[in-house]
Amino acid sequence: MSKPSIGFIGLGLMGGAMVNRLLDQGYSVTVLGNRDRTYLDAAIDRGAREMENAHELAQASDIVMLCMGTSEQVEGRMRGADGVISGLKPGAIVIDFGTSLPGSTRALAEEVAAAGGSYLDAPLGRTPSHALAGKLNIMTSGDKAAFDKAEPTLKDLGENVFYLGPVGSGHTIKLINNFFGMTVANAMAEAFAMADITGVDRKQVYDVMAAGPLHSGMMDFVKAYGVEDDPNQLAFAIKNAAKDLGYYDRMAHEAGVTSVMSQGALSALIDARDHGQADDMVSQMVDYYVKRFNT
Numbered sequence: 001m002s003k004p005s006i007g008f009i010g011l012g013l014m015g016g017a018m019v020n021r022l023l024d025q026g027y028s029v030t031v032l033g034n035r036d037r038t039y040l041d042a043a044i045d046r047g048a049r050e051m052e053n054a055h056e057l058a059q060a061s062d063i064v065m066l067c068m069g070t071s072e073q074v075e076g077r078m079r080g081a082d083g084v085i086s087g088l089k090p091g092a093i094v095i096d097f098g099t100s101l102p103g104s105t106r107a108l109a110e111e112v113a114a115a116g117g118s119y120l121d122a123p124l125g126r127t128p129s130h131a132l133a134g135k136l137n138i139m140t141s142g143d144k145a146a147f148d149k150a151e152p153t154l155k156d157l158g159e160n161v162f163y164l165g166p167v168g169s170g171h172t173i174k175l176i177n178n179f180f181g182m183t184v185a186n187a188m189a190e191a192f193a194m195a196d197i198t199g200v201d202r203k204q205v206y207d208v209m210a211a212g213p214l215h216s217g218m219m220d221f222v223k224a225y226g227v228e229d230d231p232n233q234l235a236f237a238i239k240n241a242a243k244d245l246g247y248y249d250r251m252a253h254e255a256g257v258t259s260v261m262s263q264g265a266l267s268a269l270i271d272a273r274d275h276g277q278a279d280d281m282v283s284q285m286v287d288y289y290v291k292r293f294n295t
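Once you know that position 279 of the sequence shown is 279 in the working numbering, the rest is easy, because the numbers rise by one and skip nothing.
Right, dumping it as structure tokens:
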């Protein structure tokens, strides 16, 4: 069976790695440019074709994939005369791999369905290095028939491909996942800063905590910076963490509730982002808490 043609929008660090993987697997790929052409040009050098706009890309694609930073960016590429929806082929599938607002996802799914296509939200877990190896975690939801059709392609990209139910469920679960992760990361970062303030050794704090049920991968990521000065074990920028936790907070409000646990971490991430640490990694929130405790 021939592979579907792929249109890919959003060739940043993660998207560029995913396109590399698709090319490795023999897919025909069209791509859409942006201001940073680093990964775009690398894909073109390997045989991907660049399109003028999202409309033309959709016309050439059986599956349109987006890997973008915000819901607003996704909506901007989807709608309008030059957007994906206007160029969709009958029966085409659109997959949003970013971390988007579930409400936005559901609205776009209705518009895509009205245009004769299907929309899947499929946020990602793991890192660009996993993407290069086809080892991502992919949290997919939406029309089951569309998922079944796209599943072989998703399995070329991911080691663990989940089907999670109605459209928007993937983005909902991803936001809950990131809320938990960023709250734990901030708690560990503050714990190291508190160790400094109270005169105990950071590594000893970690060793005691890690010997019991508190131990987690997220603790280890923060410890890599807090103890070993390596910020890159968790390659996730503070500005992106603030965005995701802000989306979680907005999702909660749209559901009619107010999140309690997210507020401290969200406030700290926004403050760090707005005071020079936007591009630092989340593990470097240790520095934020150290500064805060010493002012």
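Glycine included, C-beta positions come from ideal geometry on N, C-alpha and C.
Subject >> Beta-carbon proximity check, L32 vs I6, cutoff 8 Å >> reply: To locate residue 32, count along the sequence shown from 1; it is residue 32. To locate residue 6, count along the sequence shown from 1; it is residue 6. I6 is positioned such that its CB atom lies no closer than 8 Å to that of L32.
In angstroms with no decimal places, state the Cα-to-Cα distance between Y311 and K203.
Past the boundaries of the shown model lies residue 311; the chain is included only from 1 to 295, so the question cannot be answered.
### Query
Are at least three pairs of beta-carbons, each pair with one atom in the stretch 253-270 and one in the stretch 230-237, less than 8 Å apart?
Below 8 Å, too few C-beta pairs join the stretch 253-270 and the stretch 230-237 to call them touching: fewer than three.
What whole-angstrom Cβ distance do G16 and Y39 have, given they're in contact under 8 Å? Here residue 16 refers to the residue found at position 16 when the sequence shown is read from its first residue. Here residue 39 refers to the residue found at position 39 when the sequence shown is read from its first residue. The pair is a contact, with the Cβ atoms about 3 Å apart (cut-off 8 Å).
Distance between beta carbons of A237 and G170, contact taken as under 8 Å: Taking the first residue of the sequence shown as position 1, residue 170 is located at position 170. Taking the first residue of the sequence shown as position 1, residue 237 is located at position 237. The pair is not a contact, with the Cβ atoms about 22 Å apart (cut-off 8 Å).
Checklist entry - Taking G47 as the reference, which of V19, K239 and G181 has the closest Cα? => result Residue numbering aside, residue 47 sits at position 47 when the sequence shown is read from its first letter. Among V19, K239 and G181, the Cα nearest to that of G47 belongs to V19.
Contacting residues, own chain, Cβ-Cβ under 8 Å from T70 (five flanking each side not counted): Here residue 70 refers to the residue found at position 70 of the sequence shown. So the qualifying residues of the chain are G98, S100 and K243.
Residues near A241 by beta carbon distance below 7 Å, same chain, minus five either side
Taking the sequence shown and counting its residues from 1, the one referred to as residue 241 is at position 241. Once the five neighbours on either side are set aside, the close Cβ partners of A241 are M182, L269 and V282.
_Buried or exposed, going by whether 16 or more other CB atoms sit within 10 Å of the CB of A43?_
For this step, residue 43 is matched to residue 43 along the sequence shown. The residue is buried, with at least 16 neighbouring Cβ atoms inside 10 Å.
Top-ranked residue by Cα proximity to K89, from Q73, C67 and E56: Numbered from its first residue, the sequence shown carries residue 89 at position 89. The residue with the shortest Cα to Cα distance from K89 is E56.
| field | Segment limits, beta strand (DSSP E) that includes S300 | value | Residue 300 lies beyond the range of the chain shown here (1 to 295); nothing can be said about it.
_Residues bridged to N137 (per DSSP)_ = Counting from 1 along the sequence shown, the entry for residue 137 is found at position 137. Paired residue(s): G125 and N160.
State the DSSP-derived secondary structure class of T99, mapped to helix, strand or coil. Within the sequence shown, residue 99 is the residue found at index 99, counting from 1. In this structure, DSSP gives T99 a state outside helix and strand, which the three-state scheme calls coil.
Practice item. Can you have a look at A189 and say buried or exposed, based on whether 16 or more other CB atoms are within 10 angstroms of its CB? Key: On the sequence shown, residue 189 is found 189 positions in, with the first residue counted as 1. Taking a 10 Å sphere around the C-beta of A189, we find 16 or more other C-beta atoms and assign the residue as buried.
Within the same chain, show all residues whose beta-carbon is closer than 7 Å to that of T127, passing over the 5 residues directly before and after it, in chain order.
-> Translated into the one-based positions of the sequence shown, residue 127 becomes position 127. Residues A235 of the same chain have their beta carbon placed closer than 7 Å to that of T127, with the five preceding and five following residues left out of the count.
Q: Compute the distance between the beta-carbons of D156 and G134, then report whether it is under 8 Å.
A: What you label residue 156 is simply residue 156 of the sequence shown in a count that begins at 1. What you label residue 134 is simply residue 134 of the sequence shown in a count that begins at 1. Yes, they are a contact pair.
**Message:** Just to confirm my understanding: we take L66, look at its own chain, exclude 5 residues before and 5 after, and list those with CB closer than 6 Å. What are they?
**Reply:** Taking the first residue of the sequence shown as position 1, residue 66 is located at position 66. Once the five neighbours on either side are set aside, the close Cβ partners of L66 are I9, G10, V74 and D96.
Check: Does the beta-carbon distance from S118 to D148 come in below 8 Å?
Finding: As a working note, residue 118 is residue 118 in the sequence shown. As a working note, residue 148 is residue 148 in the sequence shown. No, they are not a contact pair.
| request: Express the C-alpha separation of S141 and Y163 in angstroms, rounding to a whole number. | output: In the sequence shown, counting from the first residue as 1, residue 163 sits at position 163. In the sequence shown, counting from the first residue as 1, residue 141 sits at position 141. Their backbone Cα atoms lie some 6 Å apart in a straight line.
### Task
Name the one or two DSSP bridge partners that G142 has.
Here residue 142 refers to the residue found at position 142 when the sequence shown is read from its first residue. L120.
- Determine the direct distance from the alpha carbon of S216 to that of A278, and round the result to whole angstroms. Taking the sequence shown and counting its residues from 1, the one referred to as residue 278 is at position 278. Taking the sequence shown and counting its residues from 1, the one referred to as residue 216 is at position 216. Whole-angstrom Cα-Cα distance: 25 Å.
Cβ of A150 within 8 Å of Cβ of I93?
Within the sequence shown, residue 150 is the residue found at index 150, counting from 1. Within the sequence shown, residue 93 is the residue found at index 93, counting from 1. Cβ atoms of A150 and I93: closer than 8 Å.
* Asked: Do F192 and V205 come within 8 Å of each other at the CB atom, strictly closer than that value?
  -> Residue 205 sits at position 205 when you count from the first residue of the sequence shown. Residue 192 sits at position 192 when you count from the first residue of the sequence shown. For V205 and F192, yes; Cβs fall inside 8 Å.
For G296, count the other beta carbons within 10 Å of its own beta carbon; 16 or more makes it buried, fewer makes it exposed. Which is it? Any question about residue 296 goes unanswered here, given that the chain covers just 1 to 295.
Margin query: Taking the straight line between their C-alpha atoms, what separation do you get for A272 and V161?
Written below: Position 272 of the sequence shown, counted from the first residue, corresponds to residue 272. Position 161 of the sequence shown, counted from the first residue, corresponds to residue 161. CA-to-CA, the gap between A272 and V161 works out to about 34 Å.
_Just verifying my parser: in three-state terms, what is the DSSP assignment at V64?_
Here residue 64 refers to the residue found at position 64 of the sequence shown. V64: strand per DSSP, three-state reduction.
Q.
Please classify N294 as buried or exposed, where buried requires at least 16 neighbouring CB atoms within 10 angstroms.
A. Here residue 294 refers to the residue found at position 294 when the sequence shown is read from its first residue. Exposed, because fewer than 16 other Cβ atoms sit within 10 Å of the Cβ of N294.
Run of the alpha helix (DSSP H) containing M182, from where it starts to where it stops
Taking the first residue of the sequence shown as 1, we reach residue 182 at position 182. Boundaries of the alpha helix (DSSP H) harbouring M182: S169 to T198, taken from the DSSP string.
Roughly how many angstroms separate the alpha carbons of V222 and T172, rounded to a whole number? As a position in the sequence shown, residue 222 is number 222, starting the count at 1. As a position in the sequence shown, residue 172 is number 172, starting the count at 1. Roughly 25 Å between the two C-alpha positions.
Exercise for the section: Out of A224, L132, R79 and A185, point me to the one whose CA is closest to S262's CA. Expected result: Position 262 of the sequence shown, counting from 1, holds the residue named residue 262. If we check each option's Cα against that of S262, A185 comes out closest.
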